[in-house]
Amino acid sequence: MHFVNILSSRTPAELNGCQFLVYKSFGDVIGSYSKWLSSSKSNIKPLLLFCASGISKSISSNSCSVALRKLCEDASSFIHEPPILDILFWISEGMGEGNLRIEDEEEIISAITHALCSILDKELRKTSLARLLCSSYSAVEKIIDIDRDELLRQNSSAYAQALNIAVRGLHRMGALFSHLAMSITSGLIDDDTISVLFGIFWPLLEKLTQSSHMENTSLSTAACRSLSSAIHSCGQHFQILLPKILECLSMNFLLYQRHDCFLRTAANMIEEFGHKEEYSVVCVRTIETFSSAASLSNLNSSYTCDQEPDLIEAYANFTSAFIRCCPKVPFYIMLRFFVHYCRTIWIDSTALILMLIA
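Using this note's numbering, read the sequence shown as starting at 5 and increasing by one per residue.
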């Protein structure tokens, strides 16, 4: 711990490449012995500061992000103290620079989310999770602002950088909601906290999905992924928005027909809410819109299907979700889309008959 104290007291500017190799090795050690090291309250702050410094460089970011996750899991009883929370927020807010791998950023956000979910004080837990979500909010908000300023968008270098930062912000939001879903299942998170997070997340994502930036494959994929994660954790809040979200996804697919992420997210929505009779009409309207897309209608041979394996898989998953999760849809409508699906993915007549019998 003496060596950890020395290293954690230095700023990233004072460190060189060789010292970050030491960070990498010590990060592995801390990750392996985190339960023992975090048993003493006095060790928590220097250990977190050490991880924060090590995360800032690519050579040691992975080992230190794993060590951070282990510390957040093993030292959850000490997390509620203000100095510790400040370090965690400092780490999360420093990721906006985009120096880390997306996988490491997701690991860090999952670790911090786990720590914040263990806070016993409900109000502190709610405000802390909201602050963590807002640390990624600004990255996405900037790209929406660019949509209003044509001059900024014409600067290709600045625009590409803004897109990259927004994609990373969306991945971090998705990681937060993914981990939140587990905490909700275990009863650690109350509905009031979910309402606050939903109120921050959805208005921002709604603006983004209505922007021309969705043309970018990486951005649209990250947006759909974060939406799917939020649906799993905030399901009851998204229920009333089902018609609006499905319409948004289907319209975006018609605009950008190679973006299979819209089909995959719509399938998640159908699986979550398709069993409710009041949404039968909107589910049918959605599959009609998807099926009318030229990119799917043109998949009428084995050769063309081989050219678009991801699109075929996404459409197959969506159609499967529709058939399984919409029991209130009349059978003849279900059969019509099943036949259309089989023809679209180039199933011959014999296979079609066997599938109908099954």
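For every residue, glycine included, the Cβ atom is placed at its ideal position computed from N, Cα and C. From a predicted model like this one, the values you see are computed outputs, not experimental measurements.
- Per the C-alpha coordinates, the member of GLU109, GLU107, LEU133 positioned closest to HIS118 is LEU133.
- Around the beta carbon of ASP196, fewer than 16 other beta carbons lie within 10 angstroms, which makes this residue exposed.
- The distance from the Cβ of ILE91 to that of LEU136 is about 13 Å, inconsistent with a contact at the 8 Å cut-off.
- Here ASN272 is buried: its Cβ has 16 or more other Cβ atoms, across all protein chains shown, within 10 Å.
- Its Cα nearest to that of LEU201, the residue LEU180 stands out among LEU180, ALA270, LEU212, LYS61.
- In this chain, ARG262 is not harboured by any alpha helix (DSSP H), its DSSP state being neither H nor E.
- Rounded to whole angstroms, the gap between the alpha carbons of SER216 and ASN256 is 10 Å.
- In this structure, DSSP gives GLU312 a state outside helix and strand, which the three-state scheme calls coil.
- Taking 8 Å as the cut-off, the beta carbon of ARG268 is found closer than this to the beta carbon of CYS228.
- Restricting attention to LYS280, ARG73, GLN165, LEU209, the CA atom closest to the CA of GLN240 is found in LYS280.
- The DSSP assignment places 195-213 as complete runs of the alpha helix (DSSP H) inside the segment 195-229, in order along the chain (cut-off: 4 residues).
- Boundaries of the alpha helix (DSSP H) harbouring CYS76: 62-78, taken from the DSSP string.
- Per DSSP, the unbroken alpha helix (DSSP H) holding ARG289 starts and ends at 284-295.
- DSSP places GLY278 outside both helix and strand once states are collapsed to three, so it counts as coil.
- Per DSSP, GLY98 lies in no alpha helix (DSSP H) and is assigned neither H nor E.
- When DSSP states are grouped into helix, strand and coil, ARG268 belongs to the helix group.
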